[in-house]
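In the numbering used here, the protein residues as written are 234 to 471.
Accompanying notes for the structure given below.
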């Protein structure tokens with residue numbers, strides 16, 4: 234029984250806590266960046282982008298190593314974010330929070346279809362990924378945590394760095410500039426933090442939805458709108 238707790242229960246618990254904290258923090262950053270309380274990494278395609286890249290690398294390239302999976306997840310998350318920002322920045326409502334969410338929903342739907350379609354190409358490989366693709370802790374050991382932890386720590390550091398700027402950013406781009414905040418720099422750092430946090434968490438346990446949406450809302454009820462207080466609460470709740 235002691236070995237089961239030490240080798241199975243403890244690693245899975247640590248991984249679940251770490252991934253949940255990362256997704257909660259990523260959601261807080263994403264909601265601050267878009268000024269939209271409905272935004273989270275899942276709604277903006279980050280989680281699905283990471284999952285799609287991992288499934289594609291596994292089915293098409295035969296990727297199996299954990300290190301490679303982490304890098305593919307980060308690449309997929311980054312590409313998904315870029316596509317969402319490009320689509321959301323087009324048209325009359327360019328760059329608006331509503332436009333970004335709509336673009337994210339569209340990208341998520343397309344990538345989800347791609348993931349399902351890849352299963353037709355290699356049913357055996359996709360069978361091993363089926364449980365992972367909806368989020369799972371089965372078979373996860375401590376090496377998984379050690380592989381994603383550096384990316385999570387860097388992402389968390391970037392996220393907390395943006396907290397003061399996100400408070401000013403909440404007033405709008407023009408008001409933020411008047412307060413000395415560079416919107417482009419804030420978006421870049423916040424997006425990079427979200428990619429690292431969500432991509433690494435997805436690589437570890439698969440795409441898990443709604444944690445990044447719910448945790449910041451609960452944190453906001455407890456800590457208020459100040460991101461310097463909201464982010465630590467989002468980490469704990471996630």
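For glycine and all other residues, C-beta sits at the position ideal for the given N, C-alpha and C.
Owing to the predicted nature of the structure, the values given are computational and were not obtained by experimental measurement.
Comparing alpha-carbon positions, the option among 438, 282, 258 and 260 lying closest to residue 372 turns out to be 438. When rounded, the separation of the alpha-carbon atoms in residue 311 and residue 403 is 24 Å. Separation of the CB atoms of residue 263 and residue 270 is rounded to 10 Å, and the pair is thereby denied contact status at 8 Å. In the DSSP annotation of this structure, residue 443 is not part of any alpha helix (DSSP H), being labelled neither H nor E. Looking from the CA of residue 351, the closest CA among 405, 253, 432 and 294 belongs to 294.
In this structure, the alpha-carbon of residue 279 lies about 10 Å from that of residue 344. With respect to the 8 Å criterion, residue 303 and residue 296 are not classified as neighbours on the basis of their beta carbons.
Cβ neighbours of residue 397 within its own chain (closer than 7 Å, five residues either side excluded): 461. Closest option to residue 257, judged by alpha-carbon separation, among 313, 388 and 401: 388.
Within a 10 Å sphere around the beta-carbon of residue 384 sit 16 or more other beta-carbons, which makes this residue buried.
When the Cα atoms are used, residue 459 and residue 239 turn out to be separated by approximately 39 Å. Sequence-distant partners of residue 426 (beyond 5 residues in either direction) whose C-beta falls short of 6 Å from its own C-beta, in its chain, are 262, 388, 391 and 392.
Rounded to the nearest whole angstrom, the CA to CA distance from residue 457 to residue 469 is 15 Å.
Considering only 421, 368, 309 and 315, the residue with the shortest C-alpha distance to residue 290 is 309.
With a cutoff of 8 Å on beta-carbon distance, residue 249 and residue 370 are scored as near each other.
Each residue's CA atom was taken as its position, placing residue 317 and residue 342 some 12 Å apart.
With 16 or more other Cβ atoms inside 10 Å of its own Cβ, residue 286 counts as buried.
Where residue 269 is concerned, there is no enclosing alpha helix (DSSP H), because DSSP gives it neither an H nor an E.
In this structure, DSSP gives residue 376 a helical state, which the three-state scheme calls helix.
Sequence-distant partners of residue 414 (beyond 5 residues in either direction) whose C-beta falls short of 7 Å from its own C-beta, in its chain, are 398, 401 and 402. Counted as a single uninterrupted DSSP element, the alpha helix (DSSP H) harbouring residue 321 occupies residues 299-321. For residue 249, the three-state secondary structure derived from DSSP is helix. Judged by beta-carbon spacing, residue 463 lies beyond the 8 Å limit of residue 448, meaning their Cβ atoms are not closer than that value. Taking the CA atoms as reference points, residue 337 sits about 25 Å from residue 394.
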